[in-house]
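Residue numbers (my numbering): 1468 to 1915.
Quick reminder that beta carbons are idealized off the backbone N, C-alpha and C, glycines included.
Everything below concerns the one structure shown next.
Here you go:
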């Protein structure tokens, strides 16, 4: 259309120009010249029309002949980036204790570590950690997505370690992939959410990210009774407003590659009897032992964990949570009873209260029994597996310094029926000098 208008205006201008030019000529000569010029203009208009016809056809055809061309619905890279959400945090932690803990084989080979602790295990040392999260959420209008959670720093080194009990040698890798999964919301019923890849475990009341928990430190159940992540597939479905279901299969507990031919089943039923109460029942079931020569039936030696989490929002300011774990494993060679059945059990209760818009206080009480010595294992590199019963109490104050900036102050007491703490004077038998361990810590977190 624009080309046609342009051509007509040019025609008018040329006619006017000719008229002025030939004003001084005789009428006959002018008429002949004008007629020739008009013929040329008409021929030019015809060619332009032919070109526009061909161009218009290309606008409606793809490179494949005869196929209708469908223009892109988005805006390329800009559209893609706008769909991806980014977040994370940076954290620095410092812990001091009332004892002089012995080096327990940390990454440097010299750092003293606190027994039974997860990420706050370093004594009198600054710990720096962080996380980057990239997520493209799924919805009915955009059913495919993904999520990746990248831990780095001290927490990543601990998570990469084969030892998850707060003791033992650690990996030197400062990067840990906590989650990396592809997600698809299938149009079935209320929507079937499917995740494939690496994802956080479905059990437990606490998570890896500090600011999402009531307390700065993680409890015994998180550190000793439960796995952190799984590699596999997980499907989630909401039957209605009161019942959610999860089912999946994974390589095992905290493993990238399966160490046997069996798979671990992941099962969960979460109930919402009221708007303020959530009851989560989870079961992990499958072989976790590494295959030996000939197999030796390790694929049939089952490890199981039943996990119950109950949360209650009593008011806008007060939240309560409870967690119960019962785990077992067949023919476990790592415990006190070699090649025997083993079990562990634990319970935790916590409360959090928002005093005002800048101060929140929280408390946690917990008990954990590892009578067969399979979860805590060797207390240090000098000890053998021991029967351990632990009791702990933790009190935390969260101070909101500024937007996105949180400071956490925490006092914690760990107590055991045996002297497993303060190994600075430990003998070859691994007997420590104290049955209690108390710490005071401060943590600063910036969330984005």
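- Taking C-beta atoms as the reference points, residue 1863 and residue 1880 fail to come closer than 9 Å.
- Closest by C-alpha distance to residue 1866, out of 1824, 1857, 1860 and 1855, is 1824.
- Contact annotation, residue 1589 with residue 1683: C-beta distance approximately 13 Å; criterion of less than 8 Å not satisfied.
- Rounded to whole angstroms, residue 1870 and residue 1909 show a C-alpha spacing of 19 Å.
- The three-state secondary structure of residue 1621, taken from DSSP, is helix.
- For residue 1658, no beta strand (DSSP E) encloses it, and the DSSP letter there is neither H nor E.
- In this structure, DSSP gives residue 1809 an extended state, which the three-state scheme calls strand.
- One alpha carbon belongs to residue 1624, the other to residue 1640, and they sit about 6 Å apart.
- The C-alpha of residue 1691 lies about 6 Å from the C-alpha of residue 1842.
- Pairwise C-beta distances place the segment 1725 to 1741 in contact with the segment 1705 to 1715, as three or more of them are shorter than 8 Å.
- Burial check for residue 1756: the Cβ neighbour count within 10 Å reaches 16 or more, so the residue is buried.
- Residue burial annotation: residue 1552 is exposed, with fewer than 16 other C-beta atoms found within 10 angstroms of its C-beta.
- Close CB contacts of residue 1788 within its chain, under the 6 Å cut and outside five residues either way in sequence, are with 1672, 1778 and 1817 (chain order).
- Contact check for residue 1566 and residue 1907: beta-carbon distance about 13 Å, past the 8 Å limit, so the pair fails to qualify.
- DSSP, read as helix, strand or coil, puts residue 1885 in coil.
- Of all alpha-carbon atoms in 1901, 1874 and 1883, the one lying nearest the alpha-carbon of residue 1558 is that of 1874.
- In the structure shown, residue 1911 falls within a strand segment according to DSSP collapsed to helix, strand and coil.
- Spanning the alpha carbons of residue 1857 and residue 1669 requires a straight line of approximately 24 Å.
- Each residue's CA atom was taken as its position, placing residue 1885 and residue 1878 some 22 Å apart.
- Taking the CA atoms as reference points, residue 1660 sits about 5 Å from residue 1703.
- By the Cβ-count criterion, residue 1591 is exposed, with fewer than 16 other Cβ atoms from all chains shown falling within 10 Å of its own Cβ.
- Across the structure, residue 1583 and residue 1754 are spaced so that their CA atoms are roughly 25 Å apart.
- Per DSSP, residue 1645 is one residue of the beta strand (DSSP E) stretching across 1642 to 1653.
- By the neighbour-count criterion, in which 16 or more other beta carbons inside 10 Å mark a residue as buried, residue 1568 falls on the buried side.
- Each of 1645, 1809 and 1813 was checked against the Cα of residue 1798, and the nearest Cα belongs to 1809.
- When secondary structure is reduced to three states using DSSP, residue 1689 falls in the helix class.
- Between residue 1614 and residue 1601, the CB-CB gap stays under 9 Å.
- Burial state of residue 1675 is buried, judged by a 10 Å Cβ sphere holding 16 or more other Cβ atoms.
- In the DSSP assignment, residue 1744 is bridged to 1741 and 1779.
- When the alpha-carbon of residue 1795 is set against those of 1783, 1725, 1770 and 1782, the nearest one is in 1770.
- Non-local beta-carbon contacts of residue 1743 in its own chain, meaning distances under 8 Å to residues more than five positions away in sequence, involve 1779, 1780 and 1781 in chain order.
- Cβ atoms of residue 1698 and residue 1723 come within 8 Å of each other, at about 6 Å.
- Assigned with DSSP and collapsed to three states, residue 1678 falls in helix.
- Between residue 1617 and residue 1642, the CB-CB gap stays under 9 Å.
- If you look at residue 1580, you'll find it isn't in any beta strand (DSSP E); DSSP assigns it neither H nor E.
- The beta-bridge partner set that DSSP reports for residue 1872 consists of 1869 and 1913.
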